[in-house]
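I have placed the structure first, in the form of structure tokens, so that the comments after it can refer back to it.
In our numbering, the protein residues as written are 1453 to 1752.
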């Protein structure tokens, strides 16, 4: 039984680490606490507004993320359902605690409507501890089949690490195909604007601290600013942002060049796995005024 003072110690550490940060944020941005705790925790769970996924979403993520120990879980659950003689006496309360904790974490986030792969990360340490306790308790670590299984899974993980992960990084990185983007952002004399969200990776790779972000509510001001520049490069970071921008473009501006990072052809399975576009960048467009207006005082 856990004594009351251990609970007090635990929550004391939690508050000591977190409370100063939340207090500092509150004094600087008072609306943040409601926005963070209520909208992005409670409302995301009860009334999700983005990242909508089915309840089984974390099943393949957990199975893949637990490699190379995933198949050991099959043996683990088999022994739970059909225990061998002496299993009951050898089981530890710690193993049951780790399994229940990991399973509860996965179940809790599966009940949420908004899901991202990173949400379920806290379940991994407990599930791995549960597998380790099972292997050590049943002496599976001394069996040839266990070593062969782990060796095969380790080989699979190495292939994923050296082949699949680099491929995925190239597919999802805005800089994965430099020939489509580099010529637009390499000239520091040309203004580059991100619309409607930041594209920080391109700013990092090209050492540009001048890549401003313009939100949708400020698109009119963006168009005004385009009249005062001979050339403006716009990085569209939402799937349909370029088309929406074209629909509101005034006659005094024109798009002289575009480049899309959307994958050619439609493959629903590949798009589901790797995304239809890189992470954070969909299209690039060059906007010029038909009648250039000299820069205003203090303007870029």
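Where is the CB? At the ideal position from N, CA and C, for every residue including glycine.
Keep in mind the model is a prediction, meaning the values are calculated, not measured.
Quick check: the Cα distance between residue i and residue j, rounded to an integer number of angstroms?
i	j	result
residue 1488	residue 1599	46 Å
residue 1597	residue 1505	37 Å
residue 1522	residue 1516	7 Å
residue 1573	residue 1687	32 Å
residue 1404	residue 1464	Residue 1404 is absent from the structure shown; the chain starts at 1453 and stops at 1752.
residue 1483	residue 1475	12 Å
residue 1470	residue 1669	34 Å
residue 1554	residue 1580	9 Å
residue 1742	residue 1503	40 Å
residue 1705	residue 1608	53 Å
residue 1495	residue 1591	46 Å
residue 1461	residue 1674	53 Å
residue 1750	residue 1685	Interpretation of residue 1750 is limited by its pLDDT of 49, a score under 50 that renders its predicted location unreliable; no figure is taken from the coordinates.
residue 1533	residue 1518	21 Å
residue 1556	residue 1639	52 Å
residue 1615	residue 1740	42 Å
residue 1635	residue 1698	22 Å
residue 1631	residue 1738	16 Å
residue 1497	residue 1563	8 Å
residue 1425	residue 1683	No answer is possible for residue 1425: the residues shown for the chain start at 1453 and end at 1752.
residue 1567	residue 1507	9 Å
Among the options, which one has its Cα closest to the Cα of residue i?
i	options	result
residue 1624	1732, 1692, 1473	1732
residue 1509	1565, 1472, 1499	1565
residue 1702	1684, 1676, 1641, 1682	1676
residue 1552	1578, 1570, 1706	1578
residue 1530	1642, 1583, 1610	1583
residue 1652	1595, 1627, 1486, 1615	1627
residue 1695	1682, 1511, 1547, 1648	1648
residue 1629	1610, 1612, 1654	1654
residue 1561	1595, 1514, 1603	1514
With distances taken between CB atoms, is the gap from residue i to residue j smaller than 8 Å?
i	j	result
residue 1588	residue 1575	no
residue 1734	residue 1690	yes
residue 1736	residue 1710	yes
residue 1660	residue 1646	no
residue 1644	residue 1637	yes
residue 1657	residue 1586	no
residue 1537	residue 1605	no
Give the DSSP bridge partners of residue i, in chain order.
i	result
residue 1737	1686, 1710
residue 1664	1645
residue 1545	Beta-bridge pairing links residue 1545 to no other residue.
residue 1566	1504
residue 1705	1741
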